[in-house]
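Presented below is the structure to which this report refers.
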Amino acid sequence: MASPRPELQGRIRAVAWPLAVLGPLAMSGALVGFRSEFAPPSAALVFVLVVLGVAILGGRWPGVTAAVLSAICFDFFFTRP
3 MASPRPELQG RIRAVAWPLA VLGPLAMSGA LVGFRSEFAP PSAALVFVLV
53 VLGVAILGGR WPGVTAAVLS AICFDFFFTR P
């Protein structure tokens with residue numbers, strides 16, 4: 003599979019970093035209202051989709067950033083203390 007043009011690839015990576023930070027936070031905000039209706043494993047799968055999308059767009063380091071932030075958000079909002 004051919005890689006995208008270099009200028010397009012740079013733009014995609016530029017979008018991936020803000021998405022890596024804001025994606026898990028936005029997903030936490032969207033799911034926190036449904037906390038009683040979602041089982042924790044279901045919420046975790048939604049975070050996995052965010053991480054997967056970021057990793058596809060931006061590569062390894064934006065994906066790792068999204069994974070760490072997703073784990074922190076999941077632990078803070080969806081598990082009992």
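Okay, so the sequence shown: first residue is 3 according to the working numbering, each after it adds one.
Heads up, the beta-carbon is just placed ideally off N, CA and C, and yes, glycines get one too.
Between the alpha carbons of Val66 and Pro26 lies a distance of about 12 Å. Within 10 angstroms of the beta-carbon of Ser72 lie 16 or more other beta-carbons, which makes it buried.
A residue is called buried once 16 or more other Cβ atoms fall within 10 Å of its Cβ, and Pro20, having fewer, is exposed.
In this structure, the alpha-carbon of Ala46 lies about 21 Å from that of Gly60. In this structure, Ala32 sits away from Val56, with a CB-CB distance that is not shorter than 7 Å. Residue environment: Ala16 is assigned as exposed (fewer than 16 neighbouring CB atoms within 10 Å of its CB, all protein chains considered). Cβ-Cβ separation between Pro42 and Phe80: approximately 5 Å, consistent with a contact (criterion under 8 Å). Within its own chain, the residues whose Cβ lies closer than 7 Å to the Cβ of Phe76, once the five positions on either side in sequence are excluded, are Ala45, Ala46, Phe49, listed in chain order.
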